[in-house]
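Chains as they are written, first to last, in the working numbering: chain A, 1159 to 1461; chain B, 206 to 607.
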Amino acid sequence: MAFTAFSSQAVVEQAPRKRSFVALVLLVPGILYLLLFFLAPLISLVITSFQQPVLDGDIGEYTTGFQWQNYTDAVGEYLPLILRAFGFALIATVLALVISYPIAYFIGVKARRWPLLQSLMLTLVIAPFFISFLLRTLAWKQIMSDEGPIVVFLKSIAVLPSDGHLTGTTFSVIFGLTYNFIPFMTLPLYATLERLDLRYIEAGADLYASPWTTFRKVTIPLTMPGIVSGTLLTFIPAAGDYINASRDFLGSSSTAMVGNAIEANFLVLQNYPIAAALSIVLMAVILIIVGVYVRRAGTEDLI
Amino acid sequence: MASLSTASFAEKGADLELVGITKRFPGVTAIESLDLTIPAGSFFALLGPSGCGKTTTLRLVAGLEEATAGRILIGGKDVTSTKPFQRPVNTVFQSYALFPHMTILENVAFGLRRRKIGDPVAKAHEALRLVELDHLASRRPAQLSGGQQQRVALARAIVNRPALLLLDEPLGALDLKLRRQMQLELKTIQTEVGLTFLHVTHDQEEAMTMADTVAVMNKGRIEQMGAPEELYELPRTAFVANFLGQSNLFTGPVTSSTADAITVDVGGVPIVVPRTRAKRHAGEIAIGVRPEKVTLLTSAPAPQAGRNVLGPGRVTDVSFSGVSTQYLVMVPGIGELVVFAQNMVFGPVVHVGAEVWVSWNADHGFGLDDEPGDLPRFAPDASTESIAIQRRVALEEELEQA
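Given below as structure tokens:
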């Protein structure tokens, strides 16, 4: 009827087709940078991962080859560490999300009317960055040490057995990972929550959705871009992290992650091919996980 | 009451009753002790300029704002302290607020799913067919034009068959032709379904063509309420007289009064107003007449009972608008009058500078209820320039939103 006359067909967007010399010139530094500092090291890493030891050579002396067994050796030997790395990273990411979402929601939505409070709270989120990440992690080691107040208290109320520890446990490593990556989770969440149009929330309430249902059906899907970028910014570096799980910080040999294995092979054992193979395995697994995740999260319409 | 539970469709519209509603925001009083009753099944329009409190009233009814004082009753049931999702009302938002992450169909089915009403998809399709958008059910809101989004917003609200449907300037973004169509469509839906509609708008024409009852709101209070014709023909306040169309207003003391009529001295000229059409009958009062009721004469008319005559005056401005021509006539000692004359011949009948008399049937005058003191002697700003500017602004807005 008359209404159909107004229904527009999908408008084909015309992309600018003009070739511009200036644009190409402007792209050159970026492309050069990527070639030099990303592509070249990546190729070098792949080549290293296939190297074989020099017969009768020194320790750490390798020659170019195609020793694909490096990969099976690496995975065979370090599979528990790889699995542990992804397990820890996953738990830390979920914990960081659960902790950061309310913080970001408060700063980005509830505090909208008070811009000063907003910036103050954002500063508080970023403030830990002013102190070295190593120092902060060491400080946690002190706080959670056997003589520290937390352990003493937990022992006194018999939550922790008298010979128990906090440092060097799974708990302390996941705690350290979560703590260190909370700002990386909070900031992207804040960025999307700050732009969240509250009229959608009102519409949800108007259409008989309780606050909890509105949160699940409206708020979460609309803030998916922030959730995706926050979890990626947390999960990817957490999976490769070797500081928190290191024996010098919050971990022990029983909590070692794949990052610790790479570090040990590169710096201590000087087994460069295995370290390179582990790095590539780590990268490949992260790429697959992230690819599947971004696809499943279905944020194409929102980004 | 079964019809009020949000778990089922409303059988019919429900009454809405506001009792002593006051809403204060920090530093501003948006609504001052408002009493309002809207009978079930009626199409009620709240009309007023921006910032008059009409949207706040709507949000209070929807539960999106909390009243500072007073009670809200829907179908006789006090809902003042209930949350928006517990109220049997739905809103068509001015901004549509369609969920961008859902398809059109899911948007429309959202309310049905929340209330666990059987077969939400089929009912959503049915509602979309009503607004003739069923063929776009699988699209996202961003892929639709403004007018289409508006119709989806309407479908999303009416599919729930709420006892009370709230419309917040829902046709604002449509071009004139589509707006007329939607006005008719809304009216049809309202009659078919028998819901109670509360429509908030600043467009007096829209309010008058669609609503059974119009309430004109100003500064958080209802100035006057009634059928559109009644409001237009018998405005009670200077605000209503000038917001709903234009008026020529005069003030003066009542000099004599009979059983049928009162006579007001306006700058030395006696003007007769029917007693029943005037609210005040003694002292200093304000009276008026609509511009289209006034006739323009090129020679002094013979005195005639039942007609008021002012003049001679000079035509200061003539603006031709197709159907009619608007003349501005300056009458010394009285002020400027607006006269609308239908174009029965080709072009204007008099030109700027001509000497004219104006006259109108005494039965067409009206007397206001206002204190004449707080009313400027001649309020209407009807110079052609300001009208032209207003028209241009309105057109530009329409173009922008289209």
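We put the CB at the ideal spot given by N, CA and C, even for glycine. Note that the structure is a prediction, hence the values are computed from the model and not measured.
Rounded distance between the beta-carbons of residue j and residue i, thought under 8 angstroms
i               : j               : result
residue 570(B)  : residue 476(B)  : 7 angstroms
residue 1358(A) : residue 1331(A) : Between residue 1331(A) and residue 1358(A) the Cβ distance is about 39 angstroms, and since that is not below 8 angstroms, they are no contact.
residue 491(B)  : residue 454(B)  : 6 angstroms
residue 328(B)  : residue 364(B)  : 6 angstroms
residue 534(B)  : residue 520(B)  : 6 angstroms
residue 1431(A) : residue 1209(A) : 5 angstroms
residue 573(B)  : residue 442(B)  : 6 angstroms
residue 1361(A) : residue 302(B)  : 4 angstroms
residue 290(B)  : residue 1363(A) : 5 angstroms
residue 1334(A) : residue 1408(A) : 4 angstroms
residue 261(B)  : residue 236(B)  : 6 angstroms
Residues bridged to residue i (per DSSP)
i               : result
residue 427(B)  : 422(B)
residue 1339(A) : None, per the DSSP bridge assignment.
residue 404(B)  : 250(B) and 372(B)
residue 1470(A) : Past the boundaries of the shown model lies residue 1470(A); chain A is included only from 1159 to 1461, so the question cannot be answered.
residue 500(B)  : 564(B)
residue 461(B)  : 468(B)
residue 518(B)  : 561(B)
residue 1360(A) : Bridge partners of residue 1360(A): none, in fact.
residue 283(B)  : 278(B)
residue 1248(A) : Beta-bridge pairing links residue 1248(A) to no other residue.
residue 1188(A) : Paired residue(s): none; residue 1188(A) is not in a bridge.
residue 524(B)  : 531(B)
residue 314(B)  : Beta-bridge pairing links residue 314(B) to no other residue.
residue 228(B)  : 236(B)
Chain-ordered neighbours of residue i on chain B, where CB pairs are closer than 8 angstroms
i               : result
residue 1357(A) : 298, 300 and 302
Residue i: contacting residues in chain B (beta-carbon distance under 7 angstroms)
i               : result
residue 1421(A) : In chain order: nothing, as chain B lies at least about 42 angstroms away.
residue 1367(A) : 290 and 319
residue 1386(A) : Under the 7 angstroms cutoff, chain B gives no residues; its nearest Cβ is about 13 angstroms from residue 1386(A).
residue 1376(A) : 304
Amino acids of chain A, ordered along the chain, whose beta-carbon sits closer than 8 angstroms to that of residue i
i              : result
residue 289(B) : 1360, 1363 and 1364
Within chain B, the residues that residue i reaches when beta carbons sit closer than 9 angstroms
i               : result
residue 1371(A) : 290 and 319
residue 1380(A) : 304, 305 and 306
residue 1452(A) : Correct list: empty, because the minimum Cβ distance to chain B is about 16 angstroms.
Proximal residues of chain A, C-beta to C-beta of residue i below 9 angstroms
i              : result
residue 269(B) : 1360, 1363 and 1364
residue 295(B) : 1364, 1365 and 1366
Partners in chain A for residue i, counting only beta-carbon separations shorter than 7 angstroms
i              : result
residue 315(B) : 1365
Q | Meets three-Cβ-pair contact criterion under 8 angstroms: the segment 1375-1388 of chain A and the segment 1227-1236 of chain A | A | They do not touch, by the three-pair rule.
Q. Should the segment 1337-1344 of chain A be regarded as contacting the segment 1391-1399 of chain A, the criterion being three or more beta carbon pairs within less than 8 angstroms?
A. Contact holds: three or more Cβ-Cβ distances are below 8 angstroms.
Q: For the segment 461-472 of chain B and the segment 544-552 of chain B, state whether three or more C-beta atom pairs, one from each stretch, are separated by less than 8 angstroms.
A: No, because fewer than three Cβ pairs between the segment 461-472 of chain B and the segment 544-552 of chain B fall closer than 8 angstroms, the two stretches do not touch.
Q: Determine contact between the segment 396-408 of chain B and the segment 427-437 of chain B, defined as no fewer than three beta-carbon pairs at a distance below 8 angstroms.
A: By the C-beta criterion, the segment 396-408 of chain B is judged not to be in contact with the segment 427-437 of chain B, since fewer than 3 inter-stretch pairs fall below 8 angstroms.
Q. When the Cβ atoms of the segment 1209-1224 of chain A are set against those of the segment 1361-1372 of chain A, are three or more pairs found closer than 8 angstroms?
A. Taking 8 angstroms as the limit for Cβ pairs, the verdict is that the segment 1361-1372 of chain A does not touch the segment 1209-1224 of chain A.
**Q.** the segment 221-228 of chain B contacting the segment 375-388 of chain B, beta-carbon criterion three pairs below 8 angstroms
**A.** No contact exists between the segment 221-228 of chain B and the segment 375-388 of chain B.
Q) Going along the segment 1253-1271 of chain A in order, which residues come within less than 8 angstroms of chain B, judged by CB to CB distance? A) Within the segment 1253-1271 of chain A, no residue qualifies.
**Q.** Contact set between the segment 1307-1320 of chain A and chain B, restricted to residues whose Cβ is under 7 angstroms from the partner
**A.** Of all residues in the segment 1307-1320 of chain A, none has a Cβ within less than 7 angstroms of some Cβ in chain B.
**Q.** the segment 1384-1392 of chain A in contact with the segment 1343-1351 of chain A per 3-pair CB rule at 8 angstroms
**A.** Yes: at least three Cβ pairs fall under 8 angstroms.
(Q) I'd like to know if the segment 1412-1425 of chain A and the segment 1433-1444 of chain A are in contact, where contact means that at least 3 CB-CB pairs between them fall below 8 angstroms. (A) Counting Cβ pairs under 8 angstroms, three or more are found: they touch.
Q: State whether the segment 350-370 of chain B contacts the segment 285-304 of chain B, with contact taken as three or more CB pairs (one from each stretch) at a distance under 8 angstroms.
A: A contact between stretches requires three or more CB pairs, one per stretch, nearer than 8 angstroms, and the segment 350-370 of chain B meets this requirement with the segment 285-304 of chain B.
Q. Touching or not, the segment 509-517 of chain B and the segment 560-570 of chain B, by the rule of three or more beta carbon pairs under 8 angstroms?
A. A contact exists between the segment 509-517 of chain B and the segment 560-570 of chain B.
Q: Flag this pair as touching only if the segment 1250-1267 of chain A and the segment 1307-1319 of chain A have three or more C-beta atom pairs under 8 angstroms; answer yes or no.
A: Too few Cβ pairs lie closer than 8 angstroms, so no.
Q) How about the segment 237-249 of chain B and the segment 407-418 of chain B: do they share at least three Cβ pairs that are nearer than 8 angstroms? A) They touch, by the three-pair rule.
Q) With a cut-off of 8 angstroms, do at least 3 Cβ pairs link the segment 366-379 of chain B to the segment 331-349 of chain B? A) Too few Cβ pairs lie closer than 8 angstroms, so no.
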